[in-house]
Amino acid sequence: MLDLKQHPHRRYNPLTREWVLVSPHRTQRPWQGQVEKLPRAEPKRYDPTCYLCPRNERAGGVRNPDYTGTFVFDNDFAALRPDTPVEGFDENGLLVAQSEPGICRVVCFSPRHDLTIGGMSTPELRTVVDTWVAQYEELGAREEINWVQIFENRGEMMGASNPHPHCQIWSNHTLPNEAVKEQISQATYFESRGACLLCEYLKLERERVVCENDAFVAAVPFWAVWPFETIVISKHHVPDISALDGAGRDGLADILRRITSRYDNLFDTPFPYSLGFHQRPTDGGPHPEWHLHAHFLPPLLRSATVRKFMVGYELLSMPQRDITAEDAAARLRAVSEYRD
Ligand code: H2U
Ligand code: ZN
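Per numbering that gives the first Met the number 0, the very first residue in the sequence shown carries number 0; after that it's consecutive.
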């Protein structure tokens, strides 16, 4: 009988159809690395050198307005451009390239330089959710845009260039790799079983739930790769954020505040992560198979300074974890969801 607490095993991710190796027995090995607390810097409400603060100049000379809520602008160093002509080549299926039109934007969550999602109020976060909805609708309505990727890199460890609370939106013509995997998985599940993959998963998931409200569940997924990875899933079968009603949007704001506060309290440090939404492609199709969700992918393992690396075996074979998803969920449930 497989004992998930003792035996090395692999777990299946039905969204990507990939496997993760779990080695629960290794959590008993001694740890001699340092576990120190990092001093929490006292950030300021306004930073005259920040390119995201109101009234400041950005690279290229554009000046930000004196904004009071959220603020969206076209990325000055956009990875994608809307006017890119659609062209490509294919030499024997070996040298293959396609041009990629797209639009990249930056979204400031607040004029305050010192806030984070965990430190914002639910009504403030609701305005961020509304901004995401407007961007998803506006970008998605464009002919050349079939995928709208909203994501946040938080913390220097994740490559965020600036502590001012913000996210990015990259929207483009073809589905990116992760979107393709989830598209195929959800469509195949929907066609073969006549039900939505994530709706069915939610019916089974109790043990790894971290927190929930009427509209959303945050859980460490059974197949988590990162130590404290979570998935935030809409309780109702909605394909995208624009299909959420007012209560659903408030629910999303609430769950984001609660899970990020728990993260910050876990190691008493501003918790680094990548956060991103996966939702219906904007190619005009109805996509009944798509179920709105977000992934939090945080690198920390044992403390504010000890992180998990995806190296060696992970890069060359498959991802591996020691602490089980069940243990990670229990630890996140044990900390407060309010700012300490
Ligand atoms: P990150 O912190 O996730 O790197 O996002 C910041 C984005 O802001 C980044 O993509 C853009 C960078 O290109 N940026 C501007 O558009 N204008 C600037 O003046 C500096 C940074
Ligand atoms: Zn700022």
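Beta carbons are placed, not taken as given, at the ideal position from N, Cα and C, and that holds for glycine.
This structure is a prediction, so every number in the text was calculated from the model and none was measured.
Beta-carbon contacts of residue 340 that lie in its chain and below 8 Å, excluding the five residues immediately before and after: Lying before the first or after the last residue shown, residue 340 is absent from the chain, which here runs from 0 to 339.
Exposure label - residue 324; buried when at least 16 CB within 10 Å: buried
Which of helix, strand or coil DSSP assigns to residue 212: coil
Heavy atom of the ligand H2U within 7 Å of residue 170 beta-carbon: no
beta-carbon residue 340 near the ligand H2U non-hydrogen atom, thresh 7 Å: The structure shown does not extend to residue 340, since the chain is modelled only from 0 through 339, so no value can be given for it.
Any non-hydrogen atom of the ligand ZN within 7 Å of residue 103 CB: no
Neighbour-count burial assignment, residue 224, 16 or more Cβ in a 10 Å radius: buried
Residue 51 CB to nearest heavy atom of the ligand HEM below 7 Å: Judged by which ligands are present, the ligand HEM is missing from the structure shown, whose ligands are the ligand H2U and the ligand ZN.
Cut-off 8 Å between Cβ atoms - residues of its own chain near residue 201, not counting five sequence neighbours on either side: 216, 232, 234
Closer than 7 Å: residue 112 CB and nearest the ligand ZN heavy atom: yes
Chain-order list of residues whose beta-carbon lies under 6 Å from that of residue 4 (same chain, five-residue window excluded): 23
Entirely enclosed beta strand (DSSP E) segments - the stretch 75-120, minimum 3 residues: 87-90, 94-97, 101-107
beta-carbon residue 163 near the ligand ZN non-hydrogen atom, thresh 7 Å: yes
Residue 160: CB within 7 Å of a non-hydrogen atom of the ligand H2U: yes
Per-residue burial, residue 60 [other beta carbons within 10 Å of its own, 16 or more giving buried]: exposed
Beta-carbon spacing of residue 175, residue 222 below 8 Å: no
Residue 256, buried or exposed, once every other Cβ within 10 Å from all chains shown has been counted against 16: buried
Beta-carbon proximity list for residue 156, same chain, < 7 Å, skipping 5 on both sides: 271, 298, 306
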